[in-house]
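Chains as they are written, first to last, in the numbering used here: chain A, 1 to 254; chain B, 1001 to 1199. By construction, the Cβ of each residue, glycine as well, lies at the ideal position given by its N, Cα and C atoms. Below is one structure; the comments refer to it alone.
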Amino acid sequence: MARAAVSGRLTRRLSWRVARLVDYRDETPTARTLLLDVAGWPGHSAGQHVDVRLTAADGYSTQRSYSLAAPADGDRLELTVQRVPDGEVSPYLTEVYSVGDPVEVRGPIGGWFVWRPTKTEPVLLIAGGSGIVPLMAMVRARRTARSRTPFRLLYSVRSPADVYYARELARPTRGDDGLDVTYVYTRSAPQGWSGKPGRIGIADINRGGWPPEFEPSCFVCGPTGFVETAADILLALGHAPGRIKTERFGPSGG
Amino acid sequence: MGVVSPGFQGRPRTAGPQLPPGQYLIEDFPVLSAGPTPRVSLDEWEFVITTETGQVHRWSWPRFRELPGETPEVDIHCVTKWSKLGTVWRGVSLDTLLAEVDTAADFALVDSYGGYTTNLPLEDLLDGQAWIVYEYDGADLAPEHGGPARLLVPHLYFWKSAKWVHGIRLLLEDEPGFWESIGYHDYGDPWREQRYQGD
C-alpha cells in the first residue's frame, strides 16, 4: 500500500443526521436497497460508507457501517443492506424499516477505497457477493460523470438469483459503454453459461481483468477469504500492491 | 437519546461486561485492511526503533524472540463497531523494547510492511499498555491478522494496532498516519468514541 493520495481529507466534525426512508427495492430475497432522504447531506465519493445508528424506544442504540450504493444526488442516499441471519440491525433494515421511518446516519466516511471521475487509468472492480455495493457506486459515478475511463467488473456470486442490480448490469445503460461485466458463479450458473461453477481463480482474473502493464486501479470488496484470494492473485499476476485497494467484511458484519 | 426508529428493539440485553459506546460484541475475528496482505519472511523481518536524533535500535527475528514474552489477555475494539472480549496474545512489551532507548520524544509513528502507518503518543506505548505480538490464541499470528508480528494497543481503536509492524519512529511533533490523514481521529479512544476527526 503506497502512501495515499489523500484528497478528501475530512476536517469538519461529522454529525448525526436524521434519514428517512423514501422508497426501497428488493435486490434479492435477502438484500434490499434503501433510498434515504437526509436533509443537508454534504455529498460523498463513490466507495465511501456511512454509519447508521438505530435507537430503540428504551434508549438502547447500536451502530453499523454500510457502503453507499450510488453517487451523491442532493439529499438522496442509497444503501444496499444484506440480511445477515441472526443479525441485530440488518433484519430490521431489510424487513421492518418502513417508508417514512427515521434512522440516524453519519458520514461520509473513508477516503481510501474511493474512485473519483477525474481519474483516467483503467479500473478493475472485483466484487464478492454483497461486496458489489461500493463498486456499483463507482460504476454509477462513472455513468453520471460521463467518464469514458475503461471499467471492468468481475462479480462473483453463488447463483444468478444472487446478483444485485441485475437488470442494470445486464442491459447496457446509456453511458455504460466501456464497462465490461464478467460473472463468476460459485454454486450454480445460468443455462448456456460455458464453464463450471467454482471459486474465483487466476483464469477468471486473467480473462475478466486488465493486464498489469495497463496499470489499472484495482478495487476488491467482499468477504475476507474472497478478498485475500483475489488480492493474492492480482499480486501474483504482477499488479503493484499500491494499486490494489481492498475492503473486507467478516461474517459478523450485519 | 437519539431518534427512535419505530419497531427497532435490538438484541435482548443481559447484564454483562460493559462495552464502549456504539460497539457490539462478536465472537469471530473479522479482518480489515486497506490493501493486499504483505507476506514477510522471518529471514527479512526486523523491528526498528528510530529516535528523533536518528539513533537506530534494530532486532532481527531471532533476537526479538529471545526477549522476554508476555501473554496479555485483553478486550479489543474496532472503529467499525465490533468488540471482542478476552483475546489472548503473546508478545514483547514495548516497555522491554524501549528500555534501552534514549529519547525525549512525545510521539510515535508506527510503520508497517506494506506501507501502513499510524501515530500515537509515546506514553500510550509504555507502562504495560502495548506489545509487539506474534501469537494469537496460542498459535502463530496469521498473515491476515498481521503476522508475523503486529502492534497491540488494546486501549485504543484497533486501527492503531498496526499489522505487519516494521518499526517505530520517535518524534518530537505529532505526525498523522494513514487513516488519521483521511478523516479518522488522531487519538482514537473507544470509551470517548473518538472515531473521526472532530469527535
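Between R106(A) and L14(A), the gap from beta carbon to beta carbon is short of 8 Å.
Looking from the CA of Y1134(B), the closest CA among D1127(B), P1148(B) and L1152(B) belongs to P1148(B). In this structure, the CA atom of L1152(B) is about 11 Å from the CA atom of V1088(B).
The C-beta of Y60(A) comes closer than 8 Å to at least one C-beta of chain B. For E1135(B), there are no C-beta contacts with chain A under 7 Å, since the nearest C-beta of that chain is about 20 Å from it. The three-state secondary structure of W1059(B), taken from DSSP, is strand. With contacts defined by Cβ atoms closer than 8 Å, C221(A) and H239(A) do not form a contacting pair.
A distance of 8 Å or more separates the beta carbons of R76(A) and L21(A). Within the same chain, Cβ atoms closer than 6 Å to the Cβ of P122(A) are found at P150, W210, F214 and P216, the five residues on either side in sequence being excluded. Between G47(A) and A137(A), the CB-CB gap stays under 8 Å. The criterion of a C-beta distance shorter than 8 Å is not satisfied by G1114(B) and W1179(B). Not a single CB atom of chain A sits nearer than 8 Å to the CB of G1146(B).
Between the alpha carbons of W1061(B) and V89(A) lies a gap of roughly 44 Å.
Excluding sequence positions up to five before and after L1042(B), its CB lies within less than 8 Å of the CB of W1061 and P1148, all in the same chain and listed in chain order.
Under the Cβ criterion of 8 Å, R1011(B) is counted among the residues facing chain A. Distances from the alpha-carbon of A1099(B) to those of L1019(B), L1156(B) and L1122(B) put L1122(B) closest. Listed along chain B are S1005, G1007, F1008, Q1009 and G1010, each with a C-beta nearer than 9 Å to that of Y92(A). K245(A) sits close to W112(A), with the two beta carbons spaced by under 8 Å.
Short of 6 Å from the beta carbon of W193(A), and not among the five residues preceding or following it, lies no beta carbon of its own chain. In this structure, E1044(B) is the residue among T1071(B), E1173(B) and E1044(B) with its C-alpha nearest to the C-alpha of R1058(B). Nearest neighbour of H44(A) by Cα position, chosen from D23(A), A230(A), T30(A) and P71(A), turns out to be P71(A). Nearest CB-CB separation between I1182(B) and chain A: below the 8 Å threshold.
According to the DSSP assignment, G1054(B) belongs to no alpha helix (DSSP H), since it is labelled neither H nor E. In chain order, S61, Q63 and E104 place their CB closer than 6 Å to the CB of R53(A), counting only its own chain and leaving out the 5 sequence neighbours on each side. C-alpha of T120(A) to C-alpha of P212(A): approximately 16 Å in a straight line.
Interface criterion met: the Cβ of R13(A) is under 8 Å from a Cβ in chain B.
At a cut-off of 8 Å, the C-beta of V1031(B) has a neighbouring C-beta in chain A. Any Cβ of chain B closer than 8 Å to the Cβ of P102(A) would place that residue at the interface, and such an atom is present. Close partners of T1051(B) in chain A (Cβ separation under 7 Å) are lacking, with about 22 Å as the shortest Cβ gap.
Annotation for P1030(B): C1078, T1080 and W1082 place their beta carbon closer than 8 Å to its own, counting only its chain and skipping 5 residues before and after. Annotated three-state conformation of L1122(B) is helix, per DSSP. The C-beta of S1093(B) has 16 or more other C-beta atoms within 10 Å across all chains shown, which makes the residue buried. The beta carbon of G208(A) is closer than 7 Å to those of R152, L154 and T182 in its chain, skipping five residues each way along the sequence. A distance of 8 Å or more separates the beta carbons of L1085(B) and A1108(B).
W16(A) reaches chain B at G1002 and V1003, counting residues in chain order whose Cβ is nearer than 9 Å. Apart from the 5 residues on each side of it in sequence, Q1194(B) sits with its Cβ closer than 6 Å to the Cβ of H1185, Y1187 and G1188 in its chain, given in chain order.
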